[in-house]
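Q: Quick one: structure below, then a few questions.
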Amino acid sequence: MAEDTRGTSGNGGPSDEEAALSARLQRLRERLAHRKGVGRDDEPQSGPRSDPSAIARGFRLSTELVAGVLVGAFIGWALDKWLGISPWGMIVFLLLGFAAGVVNVIRAAGISGGPGQGSR
Amino acid sequence: MADPIHQFEIHNLFTLGHIGGQEIAFTNSALYMAVVVVGIAALLVGASSPRALVPGRMQSVAELSYEFVADTINSTTGKEGMKFFPFVFTIFMFVLFANVIGLIPYTFTVTTHIIITAALALTVFLTVIIYGFYRNGLKFFGLFVPHGIPIYILPLIVFIEVLSFLSRPISHSVRLFANMLAGHITLKVFASFITLLGGLGILGVAGATLPLALVVALTALELLVAFLQAYVFAILTCIYLNDAFHPGH
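Quick note, the sequences are listed as chains A and B, same order.
The numbers in the working numbering rise by one with no breaks, and the one at position 82 of the first sequence is 113.
The numbers in the working numbering rise by one with no breaks, and the one at position 142 of the second sequence is 149.
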């Protein structure tokens, strides 16, 4: 909601006109805040506000999963190259990366809280 | 058939100089980035110069964009997140303008190159890490240790959390890049169907109305995607920044 941070009414001088103006501004702000709240409730979406539409939501979930797997695969490949433990690094980190991807998806879908979500 | 990839090619417009044998050129990508910045500056400086209490059309747009980003930050990270308002606002406006300007025919879309989106995502990623450590010290590692996990599976969970954290800049950048790239290629391919069918005589022209209708619809969709991806990029920036403020939730 619109907090009173912009301080348009803070510099109201002693004159009546300015006081009246700031009072009117205050009323306008309250009405605007009220209307904003109403408008938001009217929107058909039911999910959290970070998901404005189904396309964006679907695309976000898929990239989250793929990114997790990619990072796992890359780290596994790099460890294999570096330590010469092929194929164990790839196997372990690909699985871990998949798990991380699933964690990402679950968090992005807003099913569970956790480090990615934080307090709203 | 017109090459659908041709629109993403980078051309050197002129050479600025050489650094260590590497040519530093002013490319069409750089040109459009400059256009984006000039466009944003023109909107914000030009529109807000009247400073009217009752805003005109352009001032309304500028104020709306401020309110929109401020609302987004407030609802995801809370009031203290407003410290990062200039950062998030810059990213949002840059991505939005780059996406929307790219929809104009014959222009170049800056965000269809992963180097641009990856640079933006890495900036966010490094900001979160640096500010997180600056603000929380070593408590920032609490991000990787969720509460209420039995000690014997904790190492596994920490590994998964670290991987999940590292995957963020990838998903953050690939999402924007892939959306814009796919959208522009789809538009191009369907548009080339029109000319192909149109060359086939009277029946072809009748058939060409189908892809034409599709291109019109796709352009509208792309406009939505352009805005939506800028919004998603900004809101994910906020969500990631939130971790710098409150690790260990």
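Note that CB positions come from ideal geometry on N, CA and C, so glycine has one too.
Because the structure is a prediction, the values reported are computed rather than measured.
1. Distance check for Arg-55 of chain A and Glu-48 of chain A, CA to CA, integer angstroms please.
2. Say whether the segment 47-65 of chain B touches the segment 30-39 of chain B, bearing in mind that this needs 3 or more beta-carbon pairs closer than 8 Å, one atom from each stretch.
3. Within a Cβ cutoff of 6 Å, which residues of the same chain sit near Phe-129 of chain A, ignoring the five residues on either side of it in sequence?
4. Can you list, in chain order, the residues of the segment 163-181 of chain B whose Cβ is nearer than 7 Å to any Cβ on chain A?
5. Using a beta-carbon distance below 8 Å, is Ala-85 of chain A in contact with chain B?
6. Taking the DSSP output, what are the residues bridged to Glu-30 of chain B?
7. Keeping to the same chain, check which residues put their C-beta closer than 8 Å to that of Trp-113 of chain A; ignore five residues upstream and five downstream.
8. So, helix, strand or coil for Leu-20 of chain B, using DSSP?
9. How should Tyr-159 of chain B be labelled, buried or exposed, when 16 other C-beta atoms within 10 angstroms of its C-beta is the threshold for buried?
10. Please state if the CB of Val-239 of chain B and the CB of Ala-87 of chain A are separated by a distance shorter than 8 Å.
11. Using a Cβ cut-off of 9 Å, which residues of the segment 181-213 of chain B contact any Cβ in chain A, in chain order?
12. For Arg-91 of chain A, go through chain B and note every residue whose CB falls closer than 7 Å to its CB, in chain order.
13. Can you confirm whether Glu-95 of chain A, when its beta carbon is compared against all beta carbons of chain B, has any partner nearer than 8 Å?
14. Is there a Cβ from chain A that is less than 8 Å from the Cβ of Leu-71 of chain B?
15. For Leu-125 of chain A, return the contacting residues in chain B, with the cut-off set at a CB-CB distance below 8 Å.
16. For Leu-125 of chain A, tell me which candidate among A:Arg-60, A:Ala-98, A:Leu-92, A:Ala-139 has the shortest Cα-Cα distance.
17. Alpha carbon to alpha carbon, what distance is there between Gly-206 of chain B and Phe-92 of chain B?
18. Alpha helix (DSSP H) containing Ile-136 of chain B: first to last residue?
A: In short, the structure shows the following:
1. Along the first sequence, one-based indexing puts residue 48 of chain A at 17. Along the first sequence, one-based indexing puts residue 55 of chain A at 24. Glu-48 of chain A and Arg-55 of chain A: Cα-Cα distance of roughly 10 Å.
2. no
3. Here residue 129 of chain A corresponds to residue number 98 of the first sequence, with the count starting at 1. Correct list, in chain order: Val-100.
4. Phe-166, Ile-167, Glu-168, Leu-170, Ser-171, Leu-173, Ser-174, Ile-177, Ser-178, Val-181
5. Numbered from its first residue, the first sequence carries residue 85 of chain A at position 54. It does not; no Cβ of chain B falls within 8 Å.
6. Position 23 of the second sequence, counted from the first residue, corresponds to residue 30 of chain B. DSSP, once it has assigned bridges, lists B:His-25 as partnering Glu-30 of chain B.
7. Along the first sequence, one-based indexing puts residue 113 of chain A at 82. Result list for Trp-113 of chain A: empty, nothing under 8 Å.
8. Position 13 of the second sequence, counting from 1, holds the residue named residue 20 of chain B. If DSSP states are grouped into helix, strand and coil, Leu-20 of chain B belongs with the strands.
9. Within the second sequence, the letter at position 152 stands for residue 159 of chain B. Result: exposed.
10. If you number the first sequence from 1, residue 87 of chain A lands on position 56. If you number the second sequence from 1, residue 239 of chain B lands on position 232. Yes, they are a contact pair.
11. Val-181, Arg-182, Ala-185, Asn-186
12. To locate residue 91 of chain A, count along the first sequence from 1; it is residue 60. Per Cβ cutoff of 7 Å: Arg-182, Val-239.
13. To locate residue 95 of chain A, count along the first sequence from 1; it is residue 64. Yes, its Cβ sits closer than 8 Å to a Cβ of chain B.
14. Numbered from its first residue, the second sequence carries residue 71 of chain B at position 64. Not one chain A Cβ lies under 8 Å of Leu-71 of chain B.
15. Working through the first sequence from its first residue, we reach residue 125 of chain A at position 94. Chain B residues near Leu-125 of chain A: none, gap ~10 Å exceeds 8 Å.
16. Position 94 of the first sequence, counting from 1, holds the residue named residue 125 of chain A. If we check each option's Cα against that of Leu-125 of chain A, A:Ala-98 comes out closest.
17. Looking up residue 92 of chain B in the second sequence gives position 85. Looking up residue 206 of chain B in the second sequence gives position 199. Taking the straight line from one Cα to the other gives about 53 Å.
18. Reading the second sequence from its first residue, position 129 is the one you call residue 136 of chain B. Looking at the DSSP string, the run of the alpha helix (DSSP H) that includes Ile-136 of chain B is 121-143.
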